[in-house]
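The structure appears below as structure tokens.
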């Protein structure tokens, strides 16, 4: 069973990581989330669950304003051609549904199948806003706290430029 929102918050508390969460109507896209007023500081994220043609899985966590160049990113990573992962694979590997993809979902990837890629522009912000495993809330977390959480799940995130260069 995937970790629940409450279990996630308990894990963060156990790690001594402070967060602030605001509930809101469900949002499934960045465009929808732009219409929801969320009074949290920090950068907002968009998340891309990708699979390359070699079968490798990637979670790309970017600033909502970053235009991700998938072709350039696959070259930088030495990956094959990217496609978006199917909902069944997303649930199997990260324990979330489309619309709820989040950096926090690494907690469900106990087999470390998914490589975590952060947008360099996103990591310039002191805090980041992510869904807490469901798209009916947004959680603000300090950038360093988020990186510490990701590492606690056994993942070593990569921070990269995601635009064409």
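Residue numbers (the working numbering): 10 to 174. The beta-carbon is built from N, C-alpha and C at its ideal position, and this holds for glycine as well. On a predicted model such as this, the values are computed, not experimentally measured, just so you know.
Can we say the segment 121–135 touches the segment 165–172, given the rule of at least three CB pairs closer than 8 Å?
-> yes
Pick out whichever of 151, 88, 144 and 47 has its Cα sitting closest to the Cα of residue 14.
-> 144
Could you tell me how far apart the beta carbons of residue 238 and residue 150 are, in whole angstroms, since I believe they sit closer than 8 Å?
-> Nothing can be reported for residue 238, as the shown portion of the chain is limited to 10 through 174.
With contact counted as at least three CB pairs below 8 Å, one residue from each stretch, are the segment 147–165 and the segment 103–117 in contact?
-> Contact between the segment 147–165 and the segment 103–117 is present: 3 or more CB-CB pairs across the two stretches fall below 8 Å.
Same chain only: Cβ atoms within 7 Å of residue 157, ignoring 5 sequence neighbours per side | Its chain contains 24 and 26 as the residues whose beta carbon lies nearer than 7 Å to that of residue 157, once the 5 sequence neighbours on both sides are disregarded; these appear in chain order.
Give a yes or no on whether the C-beta atoms belonging to residue 66 and residue 56 are separated by under 8 Å.
-> no
For residue 56, write down the residues that DSSP places opposite it in a beta bridge.
-> 70
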